[in-house]
Amino acid sequence: MRPLAVALLCAAFLLPSSSRAADLPEGKWWKHPRVAAEINLTPDQVREMDDIFARARPKLVEGKAELEKRQGDLQDAIDANAGRGEVASRIEAVEAARTELQKTRILMVLDMRRTLKPEQWDRLIEMRREIRQQRRERFGRYLERRRGEQPR
Amino acid sequence: MDPQNTNRTSPDAHLADDALFALALPPAGVPEALPAHLLACPRCARALADWKSAVRDLEARDEAVLDRRSAEEWEAVEDATLAAIRREGAPGRARAKTLRWALPVAASLLVFALFVSNRPTPSPTAAALDDTAGLSAQDQADDALLRDVDRLASGDETASGVGGLAPDPGTSDLAPADEGRS
Chain A
1 MRPLAVALLC AAFLLPSSSR AADLPEGKWW KHPRVAAEIN LTPDQVREMD DIFARARPKL
61 VEGKAELEKR QGDLQDAIDA NAGRGEVASR IEAVEAARTE LQKTRILMVL DMRRTLKPEQ
121 WDRLIEMRRE IRQQRRERFG RYLERRRGEQ PR
Chain B
1 MDPQNTNRTS PDAHLADDAL FALALPPAGV PEALPAHLLA CPRCARALAD WKSAVRDLEA
61 RDEAVLDRRS AEEWEAVEDA TLAAIRREGA PGRARAKTLR WALPVAASLL VFALFVSNRP
121 TPSPTAAALD DTAGLSAQDQ ADDALLRDVD RLASGDETAS GVGGLAPDPG TSDLAPADEG
181 RS
């Protein structure tokens with residue numbers, strides 16, 4: 001693996017999880033016509049994204065299933081009031097599965113990023129941040145309205 | 001005691017609607033600060049997981065579909081949903097079995113209202129990434145897979161995620177108004 005990729009991967013794991021999530025595009029964004037138009041995605045780039053995703057998909061599906069299974073095992077242990085040691089080992093299994101899934105995901109995104117021009121990538125990340133900001137603003141307006149209506 | 005109808009300012013109290021909403025959609029890039037109460041209360045932890053699930057489901061929907069309803073229609077849906085949630089939480093009712101499906105359904109309806117209320121025009125940027133209506137069935141399935149992976153890999157869950165069980169040190173509660181949401 002190239003040194004840059006290793007450095008990026010390490011940096012991604014060191015960041016808080018919510019920051020990582022915020023900085024990466026979500027969903028199959030390259031198939032959304034408006035997104036493709038916004039960042040001037042070419043047909044060749046779309047094909048490359050499809051190829052990268054197709055290579056990653058089996059591991060994503062497998063990793064997601066494994067993580068959900070481990071989460072279920074942990075929840076079962078908590079619900080059954082299992083001992084600390086048992087719960088601890090299941091927590092470790094959950095986090096190991098999560099790390100594996102995150103690794104697959106970040107490596108896929110890195111491959112996708114290499115197919116884009118820097119300005120395309122920057123606009124994509126900017127769009128993601130705009131979306132989250134708009135959702136937060138709507139959410140905040142809603143909460144303000146609900147608090148105004150509820151008796152103190 | 002019911003999670004939806006009690007005071008949320010005390011560490012011992014169950015979380016109310018607005019606290020659950022605020023926790024379900026934290027600001028981007030800000031580590032989620034969870035009330036200490038969640039650590040000791042499986043009911044509230046599960047309720048939060050249900051709210052989060054509802055928010056995620058809604059985020060993946062096409063906003064154009066939501067915009068077909070008028071503000072008045074959504075207002076009525078919201079009021080009815082809140083009433084349904086409160087009925088589910090009435091003391092003396094056997095709610096354990098029904099809560100697992102009733103709360104997410106109610107939450108979904110309520111959050112539908114949230115995303116269209118006070119919003120005169122659809123957000124073009126949000127719609128660009130959230131609109132899955134034009135995608136093929138396979139692309140929609142892939143889109144859902146990637147969003148699930150994004151959520152799971154980043155630890156954005158509460159009831160079954162380890163991170164969700166751990167409160168932020170020194171934080172016993174969260175007041176949405178103090179989180180910069182305005």
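As they're listed, the protein sequences go chains A and B. Residue numbers are given in the working numbering: position 99 of the first sequence equals residue 99, and the series is strictly consecutive. Residue numbers are given in the working numbering: position 151 of the second sequence equals residue 151, and the series is strictly consecutive. Quick reminder that beta carbons are idealized off the backbone N, C-alpha and C, glycines included.
With respect to chain B, the C-beta atom of Val46/A has no partner C-beta closer than 8 Å. Asp111/A and Ile52/A have their C-alpha atoms roughly 7 Å apart. Under a criterion of Cβ atoms nearer than 7 Å, the residues of chain A adjacent to Arg147/B are, in order, Glu26, Gly27. Looking only at Glu86/A, Val109/A, Arg123/A, the smallest Cα-Cα distance to Val149/B is reached by Val109/A. With fewer than 16 other beta carbons inside 10 angstroms of its own, Val61/A counts as exposed. Annotation: Glu68/A to Lys31/A spans about 27 Å, alpha carbon to alpha carbon. In the displayed model, Leu74/A falls within a helix according to three-state DSSP. Contact annotation for Asp139/B against chain A: Lys28, Lys31 [CB-CB distance below 7 Å, chain order]. Take Lys59/A, set aside five residues on each side of it, and the residues of its chain with a beta-carbon closer than 6 Å to its own are Thr104, in chain order. At a beta-carbon threshold of 7 Å, none of the residues of chain B lie near Lys69/A; the nearest stands roughly 11 Å away. Not a single C-beta of chain B is nearer than 8 Å to the C-beta of Leu107/A.
Cβ proximity to chain B below 7 Å picks out Ile91, Val94, Glu95, Arg98, Leu101, Gln102, Arg105 from the segment 90 to 116 of chain A.
Between Leu101/A and Gly140/A a beta carbon distance of about 31 Å is seen, past the 8 Å cut, so the two are scored as non-contacting.
Here the alpha carbon of Pro35/B sits roughly 14 Å from the alpha carbon of Ala49/B.
Using a CB distance cut-off of 8 Å, Ala153/B counts as an interface residue toward chain A. A check of alpha carbon separations from Arg55/A across Cys41/B, Gly155/B, Arg151/B, Asp142/B identifies Asp142/B as the nearest. Note that the C-beta distance between Arg98/A and Leu74/A is not below 8 Å. Rounded to the nearest whole angstrom, the C-alpha separation of Arg132/A and His14/B is 28 Å. Of all residues in the segment 58 to 83 of chain A, only Leu60, Val61, Gly63, Lys64, Leu67, Glu68, Gln71, Gly72, Leu74, Gln75, Ile78, Asp79 come within less than 8 Å of chain B when Cβ atoms are compared, listed by chain position.
Taking 8 Å as the cut-off, the Cβ atoms of Glu26/A and Arg147/B count as close.
Buried is the label assigned to Lys28/A, since at least 16 other Cβ atoms lie within 10 Å of its Cβ. In the displayed model, Cys44/B falls within a helix according to three-state DSSP. Annotation for Glu26/A: no alpha helix (DSSP H) segment contains it, and DSSP assigns it neither H nor E.
As the crow flies, the alpha-carbon of Ile106/A is around 17 Å from that of Glu66/A. The shortest CA-to-CA distance from Met49/A to any of Arg145/A, Gly72/A, Trp121/A, Arg138/A is the one to Trp121/A. Secondary structure at Leu152/B: helix, using DSSP grouped into helix, strand and coil. Contact of Leu135/B with chain A is assigned, a C-beta pair being separated by under 8 Å. With respect to the C-alpha of Arg70/A, the residue from Val94/A, Gly83/A, Arg123/A having the closest C-alpha is Val94/A. Shown here, Thr42/A sits in coil according to DSSP, grouped into three states, outside any helix or strand.
Per DSSP, the unbroken alpha helix (DSSP H) holding Lys103/A starts and ends at 84 to 115.
Residue-level contact by beta carbon fails for Asp50/B and chain A, as no gap is shorter than 8 Å. DSSP, read as helix, strand or coil, puts Gly63/A in helix.
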